[in-house]
Each structure stands twice: as C-alpha cells, then as structure tokens.
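Q: Pasting a structure here, questions to come.
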Amino acid sequence: MKMRAAVLLEAGRSKPYANSTPVAVTEVDLDPPGPGEVLVEMKAAGVCHSDLSVVNGTRKRPVPIVLGHEAAGIIAEVGPGVSSVKPGDHIVFIFAASCGHCEPCLSGRPGICEPGTLANAEGRLLNGDKRLSLDGKPISHQSGVSCFAEYAVASEHSVIKIDKSLPLDEAALFSCAVITGVGAVLNTAQVKPGATVGVVGLGGVGLNALLAAKMIGAKRIIAIDLLDSKLALARQLGATDTFNANDPDCVAAMREATGGGTEYTFEAAGTVEAMNIAYNVTRRGGTTVSSGLSHPDHNAAINHLTMVAEERTLKGSYMGSCVPVRDIPRYIQLYQQGLLPVDRLLSERIKLADINAAFDKLDRGETIRQVIVF
Ligand SMILES: NC(=O)c1ccc[n+]([C@@H]2O[C@H](COP(=O)([O-])OP(=O)(O)OC[C@H]3O[C@@H](n4cnc5c(N)ncnc54)[C@H](O)[C@@H]3O)[C@@H](O)[C@H]2O)c1
Ligand SMILES: [Zn+2]
Ligand SMILES: [Zn+2]
Numbered sequence: 575m576k577m578r579a580a581v582l583l584e585a586g587r588s589k590p591y592a593n594s595t596p597v598a599v600t601e602v603d604l605d606p607p608g609p610g611e612v613l614v615e616m617k618a619a620g621v622c623h624s625d626l627s628v629v630n631g632t633r634k635r636p637v638p639i640v641l642g643h644e645a646a647g648i649i650a651e652v653g654p655g656v657s658s659v660k661p662g663d664h665i666v667f668i669f670a671a672s673c674g675h676c677e678p679c680l681s682g683r684p685g686i687c688e689p690g691t692l693a694n695a696e697g698r699l700l701n702g703d704k705r706l707s708l709d710g711k712p713i714s715h716q717s718g719v720s721c722f723a724e725y726a727v728a729s730e731h732s733v734i735k736i737d738k739s740l741p742l743d744e745a746a747l748f749s750c751a752v753i754t755g756v757g758a759v760l761n762t763a764q765v766k767p768g769a770t771v772g773v774v775g776l777g778g779v780g781l782n783a784l785l786a787a788k789m790i791g792a793k794r795i796i797a798i799d800l801l802d803s804k805l806a807l808a809r810q811l812g813a814t815d816t817f818n819a820n821d822p823d824c825v826a827a828m829r830e831a832t833g834g835g836t837e838y839t840f841e842a843a844g845t846v847e848a849m850n851i852a853y854n855v856t857r858r859g860g861t862t863v864s865s866g867l868s869h870p871d872h873n874a875a876i877n878h879l880t881m882v883a884e885e886r887t888l889k890g891s892y893m894g895s896c897v898p899v900r901d902i903p904r905y906i907q908l909y910q911q912g913l914l915p916v917d918r919l920l921s922e923r924i925k926l927a928d929i930n931a932a933f934d935k936l937d938r939g940e941t942i943r944q945v946i947v948f
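In this note's numbering, the protein residues as written are 575 to 948.
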C-alpha cells in the first residue's frame, strides 16, 4: 500500500532542521504483514530524544529510515499465525522486540533480547525483513516500529494490547518515555519509600522517573537540568530541590543539601557530563542508574576507589528493565488511578508535516513530549 511517512534521508545535517529538512514527509510503499506480523493504523506518536539522536548522528542507523518508536494505534490486519492481537485491538508499540528464546529473554529481560537488538541496529524487523520501500529501494525501520507514518508493519512482538479506555494520544507516552523512566525507578533501581532520589536530565524520560519517585514516596527528590524552565516544571511535578547543572558548584551544593548525596540517582540526559554529575552526587552505598544514550564513542570515567570503598552501584537501564506485557498495563492502571500523572508531560499535539521543526524544539529543550496525531 501507499502511505505518507517521515523519512530521514541523511543524518548530521545542520541546525535548524526546519531549514535543512533532514526528514522528508513523503509517500512510501508498505508491504502487507508477513507471518507473525501486524499492520497498525497509527493514531499517535511521541517525539523522543532517541529519534533526534538518529537525526543528529549520535545514534547510527542505516538511512533512509522511517523514524519514530513511541506510539499507539489500532490493529488493521494481522499476518498468518498471529495470536496475541486481532483487528480492532488498541496497542502501544515497544521499541525492543523480543524473540523469547535467547539468554536475556529466558532470564526475564526482553528489553535486551539479542536478535531484537541486532535487528534494531540493522533497521530491520525482528525476522530480518524490511517492509518499507521507495521506488523499489528498501527503507529501514526504526527500532522495529517506524511510527512517524500513517501505518506500520511490525512483528507481533513489537506491540502490546491495551485497554480501550485510554485515549491513544496519552497511550503513546507509555510506549517509551513512561516505561523507560518509571521502569528505571521501579525495576532497575527498585527505589524504597523514604529514599532520597536525584534525577539528572528532565525530559520525557527523566520526568517520568521523577513522577515514579514521588509516587513511591521518596523523601527528597533532587532535580537537575541545564534549563531553568525544566527545573520549574520539575518543582510543579514534585521535586523538592532543583539545581542548574551549568553551576560549577552544583555537585557540592547538592551533596551539602542532601547531607552526603542521594541514595539513588537517575541519569536521563544522554551525555557524559550528566553521567558524571549523577555518579558524583550519589552518596556512599548508593546506586546510580543511567538511561541516557550517549554517542557510542564517548566513555565515562568512574572513580574506581569510590565505587569500591563506598560500595557504590552503577546500573544501565534499557527500556526501564521492563517486561512490557506485564508493566505497560500496570503503569496505565497507575495513571488511571491518578498516581502517575504522565499526561502532564504531553506538551503539545502536532502534525506529521511539522516533524523537522519538532526536532528543533526538542533539541532546544523547549518541550517535553510532542505527540504527532494522525
Ligand atoms: N534507555 C532507554 O531505554 C531509553 C529510552 C528512551 C530514551 N533514552 C535516552 O534518554 C535520554 C533522554 O531522552 P528524552 O527524550 O527524555 O530527552 P529530552 O531531550 O526530552 O531531555 C533531556 C534533558 O536533559 C537535559 N540535559 C542535557 N545535558 C544535561 C546535563 N549535562 N546535565 C543536566 N541535564 C542535561 C536537557 O536540557 C533536557 O532537559 C536520551 O539520551 C534518549 O536517547 C533512553
Ligand atoms: Zn524513546
Ligand atoms: Zn530474545
């Protein structure tokens, strides 16, 4: 079938993207779903920093590629052998499809599935195929999803059925920002009530971590960003203390304010600078969790002695260490009970045609989650 999609033609073009237009909104071809695949009619897609990182070249992906990995939609058609969903079901996408058979999958860690990770790096669906093309030439899929398009064909392991009571523009946030930020707190770190928590980087991911820390009863929530506007929003959402990372004394000030540092600190900016702040503000015996996706050539240097002598823990967190089929319904329920007000992070609804300007806004930190509505 023919459909409109946002195709990244080339990574690393100059800013502003509204002028250099790295992404073309154009008609492309989409093959029907094969065995184990589904056709989804897109309803809403969030713009995440991981998409921006493909546009600016931080995250290398084969171009041309249809961007987008955070979305909700309705199943339009299913391929042979699909049993988990049927036409008419509402779904959210997950950006790490899992095979169910590799060592991480068998260990209950589907987010780091080995074939799923390889397929994402190569811009393919889980089974190795590409269903997108333009003038007969294949186009890559982003994270097995490619939701900046009117339709998507994806593995059935890339979608999770959700309750129809949830509006699909809100549902889209659960697909990446919520599971990543909330999951980092509840799954990766397993923060305890009464803990002192720090969050470095207050975008869609970091603010979800903040909401989760508030929900489980953190005593102090320290929020850190480069932008005062983000600090102000963090205070509205429950941060007890805020610090601007541009201040060279911010780490010392945070350690002083918390009587020795935070017990759990979440890095959600995707830079080595933010990672250093997160590690250095974590107290003795504490845990630093990093969700940010830095450039693959950038290495963070951790002080070896403090890690050992202070019994410090450093953890990576991909997809919030979630088991999506278990966690997405749980987090939706917490939202519907009013405990996790993630709708506060839906900044604006935009059109697919606005995508280049949307990347400029995200890059400048002027927004949290912009959601493309179809
Ligand atoms: N681990 C995962 O599964 C996963 C999933 C989604 C996103 N990500 C990554 O998480 C990161 C955040 O994504 P997002 O969509 O929330 O991004 P975002 O652009 O909405 O927010 C990032 C925030 O970090 C702030 N920041 C940048 N440098 C900083 C510094 N040195 N100190 C303090 N704050 C700083 C920015 O001002 C911004 O407010 C990105 O790297 C993204 O690729 C990871
Ligand atoms: Zn994302
Ligand atoms: Zn697997």
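Every residue gets a Cβ at the ideal spot worked out from N, C-alpha and C, and that includes glycine.
For Thr-845, count neighbouring Cβ atoms within 10 angstroms of its own Cβ and tell me buried if that reaches 16, exposed if not.
A: Position 271 of the sequence shown, counted from the first residue, corresponds to residue 845. The residue in question, Thr-845, is buried, as its Cβ has 16 or more Cβ neighbours within 10 Å.
Q: Relative to the C-alpha of Ile-665, which residue among Glu-744, Pro-678, Glu-677, Leu-700 is closest?
A: Numbered from its first residue, the sequence shown carries residue 665 at position 91. Among Glu-744, Pro-678, Glu-677, Leu-700, the Cα nearest to that of Ile-665 is on Glu-744.
Q: Hey, quick one: how far does the alpha helix (DSSP H) through Gly-757 stretch, first residue to last?
A: Position 183 of the sequence shown, counted from the first residue, corresponds to residue 757. 753-757 is the extent of the alpha helix (DSSP H) around Gly-757.
Q: Cβ of Ser-624 versus every heavy atom of ligand 1: is any distance shorter than 7 angstroms?
A: For the purposes of this step, residue 624 is identified with residue 50 of the sequence shown, where counting begins at 1. Yes, the Cβ of Ser-624 comes within 7 angstroms of a heavy atom of ligand 1.
Q: Mind listing, in chain order, the residues whose beta carbon lies closer than 5 angstroms to a non-hydrogen atom of ligand 4?
A: Within the structure as shown, ligand 4 is missing, the only ligands being ligand 1, ligand 2 and ligand 3.
Q: Taking only the alpha-carbon atoms, compute the straight-line gap between Ile-795 and Gly-757 and give it to the nearest angstrom.
A: Looking up residue 795 in the sequence shown gives position 221. Looking up residue 757 in the sequence shown gives position 183. The straight-line gap from Cα to Cα measures roughly 17 angstroms.
Q: Near His-731, what residues of its chain come up, given a Cβ to Cβ distance below 7 angstroms and the 5 sequence neighbours on each side ignored?
A: Counted from its first residue, the sequence shown places residue 731 at position 157. Here the set comprises Ala-671, Ser-672, Leu-700.
Q: Exposed or buried, what is Gly-655 when buried is set at 16 or more other beta-carbons lying within 10 Å of its beta-carbon?
A: One-based indexing of the sequence shown puts residue 655 at position 81. With fewer than 16 other Cβ atoms within 10 Å, it is exposed.
Q: On a Cα-Cα basis, can you pick out the residue from Leu-760, Gly-690, Pro-590 that is closest to Val-791?
A: Working through the sequence shown from its first residue, we reach residue 791 at position 217. The amino acid at residue 791 is misidentified as Val; the sequence shows Gly. Answer by Cα proximity: Leu-760.
Q: Compute every distance between the C-beta of Thr-754 and the non-hydrogen atoms of ligand 1, then say whether any falls below 7 angstroms.
A: Looking up residue 754 in the sequence shown gives position 180. Checking the Cβ of Thr-754 against ligand 1 gives yes.
Q: If you measure from the CB of Leu-801, is any heavy atom of ligand 1 nearer than 7 angstroms?
A: By one-based count along the sequence shown, residue 801 stands at place 227. At least one heavy atom of ligand 1 is nearer than 7 angstroms to the Cβ of Leu-801, so yes.
Q: Between the region 583-594 and the region 685-697, do at least 3 Cβ pairs fall closer than 8 angstroms?
A: Short answer: they don't touch.
Q: Pull the bridge partners of Ile-736 from the DSSP assignment, please.
A: The residue you call residue 736 lines up with position 162 of the sequence shown. None; Ile-736 has no bridge partner.
Q: Return yes when the C-beta of Phe-748 is under 7 angstroms from any heavy atom of ligand 2, and no when it is not.
A: Against the sequence shown, residue 748 aligns to sequence position 174. Flag unset: Cβ of Phe-748 not near ligand 2.
Q: Taking only runs that begin and end inside the region 826-885, name each unbroken alpha helix (DSSP H) of 4 or more residues, in chain order.
A: Counting only runs of 4 or more, we get 846-855, 878-883.
Q: So who's on the other strand from Thr-816, going by DSSP bridges?
A: As a working mapping, residue 816 is identified with position 242 in the sequence shown. DSSP lists Ala-797 as partners of Thr-816.
Q: Thinking Ile-942 and Leu-781 are a contact (beta carbons under 8 angstroms), I'd like their distance in whole angstroms, please.
A: One-based indexing of the sequence shown puts residue 942 at position 368. One-based indexing of the sequence shown puts residue 781 at position 207. The pair is a contact, with the Cβ atoms about 6 angstroms apart (cut-off 8 angstroms).
Q: Hey, is His-715 close to ligand 2, as in C-beta under 7 angstroms from one of its heavy atoms?
A: Taking the first residue of the sequence shown as 1, we reach residue 715 at position 141. The answer is no for His-715.
Q: Alpha carbon to alpha carbon, how far is Gly-710 from Phe-840? Give it in angstroms, no decimals.
A: Looking up residue 840 in the sequence shown gives position 266. Looking up residue 710 in the sequence shown gives position 136. Near 44 angstroms, if we compare the C-alpha coordinates of Gly-710 and Phe-840.
Q: Using the three-state DSSP reduction, which class does His-664 fall into: helix, strand or coil?
A: The count along the sequence shown starts at 1 and reaches residue 664 at position 90. His-664 falls in the strand class under three-state DSSP.
Q: In chain order, what are the residue ranges of uninterrupted alpha helix (DSSP H) at least 4 long that sit wholly in the region 590-660?
A: You should have 591-594, 623-629.
Q: Assign Asp-724 to buried or exposed, taking buried as 16 or more other Cβ atoms, counted over all protein chains shown, within 10 Å of its Cβ.
A: Numbered from 1 along the sequence shown, position 150 holds the residue referred to as residue 724. Just to set this straight, residue 724 is Glu in the shown sequence, not Asp. Per the 10 Å Cβ criterion, buried.
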